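Residue numbers for the sequence shown follow numbering that gives the first Met the number 0, so the first one is 0 and each next one is one higher.
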Amino acid sequence: MFDKPKAYELKILFKINSIESKYAEIIFRIMGYFGHLFFWYLVIGYFAIRGLQTPSLLLKIGFGLEPFIITALIGIGLGIDGLSSNVLQYIFNRKRPFKTLDLSENNFKVRSYELTPSFPSAHTHRAFFSVTLLVWGLSELTFLLYIICCFVAISRLYLGAHYPLDVIFGAIFGISVSTVYFFISSPLIYWAATEIARVSTELSSFEMIFNGIIFFIFTVVGFYFYMRFRKRYREKMKAKYEQIVIKSE
């Protein structure tokens, strides 16, 4: 259905991908991290730390739960986001541009080699999914947060990782799934937030710091091995891509 890119998709993709600036790649790569899972783990950690700064007495009587609610909302939401975006990717199973295009045409540059299928864009899906959750409580930042999401989407085209329809539907699916999740999960989120708050009031400072360090170590180690695996894959695909370009010259 989506495997063959439309003419207008190629026109948009080649236009954005051909941007030449010594700052463009730095900016777009930084923007791409706003759609990365590890970035949103840091956001969860930030709100969890804010919650832990709330006096225990207030938490015990049900006040000051907002940081824990956001922590639970995004924490559980990331699992739903990952499941929904990956299921959709393998249902549609659209190949990445570097696997389907003649890479010698239009000076197309592949700057990112990804493991999963192309449609929808998981980075774009995650950015719009998570930001949609945040704007319910941070409405004054709505415009800025969605502008950042749009840059995440554009960065995926600049890096040559997706076609335009991938990022457009990534945004649509991200907002849609996030909105449905937000409205049907309120009881679960409130329960999870109160449980996190309850546990935080029962743990000593040493126990909280120790558990936080353990969680951080496991997260970093897991992220490290994932990045190593992805780096090997990207190097393999890059070598293959360079051979194709050399043969076409």
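From the three backbone atoms N, C-alpha and C, an ideal C-beta is built for every residue, glycine too. Note that this is a predicted model, so its numbers are computed, not measured.
- Here T131 is near G173, since their CB atoms are less than 8 Å apart.
- Counted as a single uninterrupted DSSP element, the alpha helix (DSSP H) harbouring R28 occupies residues 23–31.
- Excluding sequence positions up to five before and after Y157, its CB lies within less than 8 Å of the CB of I15, N16, I18, A23, E24, F27, R110, all in the same chain and listed in chain order.
- Per DSSP, the continuous alpha helix (DSSP H) segment holding K10 begins and ends at 6–16.
- Straight across, the Cα-Cα distance linking F37 with L100 is about 30 Å.
- Restricting attention to F222, F217, F128, K108, the CA atom closest to the CA of F13 is found in K108.
- Under the three-state reduction of DSSP, S117 is assigned to coil, being neither helix nor strand.
- The beta carbons of I73 and S129 sit about 6 Å from each other, so the pair counts as a contact at 8 Å.
- Linking F91 to P119 through their CA atoms gives a straight-line distance of about 8 Å.
- Residues P119, S120, T123, H124 of the same chain have their beta carbon placed closer than 6 Å to that of G169, with the five preceding and five following residues left out of the count.
- Between L77 and W39, the beta carbon gap of about 6 Å places them in contact (Cβ cut-off 8 Å).
- Under the three-state reduction of DSSP output, G81 falls in the helix class.
- Remark: C-beta atoms of V176 and S117 do not approach each other more closely than 8 Å.
- In this structure, DSSP gives V86 a helical state, which the three-state scheme calls helix.
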